[in-house]
DNA sequence: TTGACTCGGTTCCTTTTCAAGACTTACCTG
DNA sequence: CAGGTAAGTCTTGAAAAGGAACCGAGTCAA
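Protein chains in written order, with the working numbering: chain A, 1 to 160; chain B, 1001 to 1160.
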């Protein structure tokens, strides 16, 4: 079962939260669409123009994200009916993923000039990088400082 | 230029760190391969068996990640020559991305039973969720509490 | 010394997905 | 009524993924 074949639609049935998350946002275009959404882009043509994505693919991605509750399709005009897409709470919760990726890209691919974008933390007023912190003690967390073990929702077989 | 067509190989020339990061890890299989790597999987057949990925695709992903310096191909046996793949520092730096995704998946897709995996922060000894924190003040950061503006590496046009 | 097994791939073939851009529908504006 | 706009859909060819078999170098076991 694990062995033979796996369609991406099946991922959401797997007992791995990463796989489930990737079934929703694990597509290349999807995260770029969300980047634009975080920059307050909301309309079909604006996504299309800024991303250079095939309209057919954009329509599919927006429909998928809407079905998953990451975006919300809202009518903003009645005649003719026009819609826009807005981030839901669930969508906003993806911000750490995107910002981590951006800062990883900044750290490893920005040229001598520095990063193309700066992020200012309104609360403290400074430009910052994202840091992965522990929800309990608040200290920074590193990959090898984490111990992984099966949780209550784990399935038999496949502890990973 | 931005308008007409875009191959994924071109992304690394774009002045957007997210796009550059996605050119490296923005593929569905790639992040699952890295998940396994973080769980200390190192060998071709072990990746193949655990993921159920087509070997052809696995070979391509490992080669790409190696070329990008995310993994390192190390010979662990001379006769016959056998290789394994290890995370580099650059690869380890992707941990926040993966953990953010896992915890987003936990938050939105775990059933009543709870998350399939628990993560314990060795430093403080508690199970935790990942939190996006500000590198300057250490406080938690939310999507709408961040102000984005062009940085030193920005290009004309396309402030996004 | 033959035959089975291991590991790290490669090859072949079919099925999906993607890119590019023309086309459509419904309405508004001049 | 010609033209424009927003949000899509349709069509066609090219690229990538999935599946499964095969390969080469060496080890092991009888």
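C-beta atoms are modelled at their ideal positions from N, C-alpha and C, and glycine is treated no differently.
- Around the beta-carbon of residue 121 of chain A, 16 or more other beta-carbon atoms lie within 10 Å, marking it buried.
- Between residue 29 of chain A and the set B:1020, B:1053 and B:1119, the nearest pair of CA atoms involves B:1020.
- In the DSSP annotation of this structure, residue 141 of chain A is not part of any alpha helix (DSSP H), being labelled neither H nor E.
- At a cut-off of 9 Å between beta carbons, residue 1032 of chain B contacts chain A.
- At a cut-off of 9 Å between beta carbons, residue 1072 of chain B makes no contact with chain A.
- Against chain B, the CB of residue 139 of chain A has a partner CB under 9 Å away; the residue lies at that interface.
- Sequence-distant partners of residue 1081 of chain B (beyond 5 residues in either direction) whose C-beta falls short of 7 Å from its own C-beta, in its chain, are 1075.
- Residue 1016 of chain B and residue 117 of chain A have their C-alpha atoms some 8 Å from each other.
- Approximately 19 Å separates the beta-carbon atoms of residue 1083 of chain B and residue 1090 of chain B; this is outside 8 Å, ruling out the contact.
- Taking every protein chain shown into account, the CB of residue 103 of chain A has 16 or more other CB atoms within 10 angstroms, so this residue is buried.
- Against chain B, the CB of residue 45 of chain A has no partner CB under 9 Å away; the residue lies outside that interface.
- About 12 Å separates the Cβ atoms of residue 1100 of chain B and residue 135 of chain A, ruling out a contact at the 8 Å cut-off.
- With contacts defined as CB atoms closer than 9 Å, residue 1086 of chain B and residue 1071 of chain B qualify as a contacting pair.
- Membership of residue 1120 of chain B in any alpha helix (DSSP H) is not indicated; the residue belongs instead to the beta strand (DSSP E) covering 1117-1121.
- For residue 1108 of chain B, the C-beta contacts it makes with chain A under 7 Å involve 90, in order along the chain.
- No residue range can be given for residue 1043 of chain B, since it is assigned to no alpha helix (DSSP H) and is classified by DSSP as neither H nor E.
- Residues of the same chain with a CB within less than 6 Å of the CB of residue 1129 of chain B, apart from the 5 flanking positions on each side, are 1103 in chain order.
- A residue is called buried when at least 16 other Cβ atoms come within 10 angstroms of its Cβ; residue 1119 of chain B meets this threshold and is buried.
- Collapsing the DSSP output to three states places residue 71 of chain A in a strand.
- At least one C-beta of chain B is nearer than 9 Å to the C-beta of residue 97 of chain A.
- Contact of residue 1084 of chain B with chain A by beta-carbon distance below 7 Å is absent, the smallest such distance being about 17 Å.
- With a threshold of 9 Å between beta carbons, residue 18 of chain A makes contact with chain B.
- The C-beta distance from residue 1126 of chain B to residue 137 of chain A rounds to 7 Å, short enough to meet the 8 Å contact threshold.
- Note that the C-beta distance between residue 1065 of chain B and residue 1097 of chain B is not below 9 Å.
- At a beta-carbon threshold of 7 Å, the residues of chain B lying near residue 147 of chain A are 1120 and 1122, ordered along the chain.
- If the five residues before and after residue 43 of chain A are omitted, its C-beta is found closer than 7 Å to the C-beta atoms of 84, all from its own chain and listed in chain order.
- Using a Cβ-Cβ cut-off of 7 Å, residue 1059 of chain B is close to nothing in chain A; its nearest Cβ partner there is about 18 Å away.
- Using beta-carbon distances, residue 77 of chain A does not count as an interface residue toward chain B, since no partner is under 9 Å.
- Assignment of beta-bridge partners to residue 1062 of chain B by DSSP yields no partner.
- At the C-beta level, residue 1133 of chain B and residue 140 of chain A come within 9 Å of one another.
- Residue 1107 of chain B is a Cβ neighbour of residue 93 of chain A, given a cutoff of 9 Å.
- Proximity of residue 1144 of chain B to chain A, defined by a Cβ-Cβ separation below 9 Å, is satisfied.
- Scanning chain B for C-beta atoms nearer than 7 Å to the C-beta of residue 93 of chain A yields 1104 and 1107, reported in chain order.
- Straight through space, the alpha carbons of residue 79 of chain A and residue 23 of chain A are spaced by roughly 35 Å.
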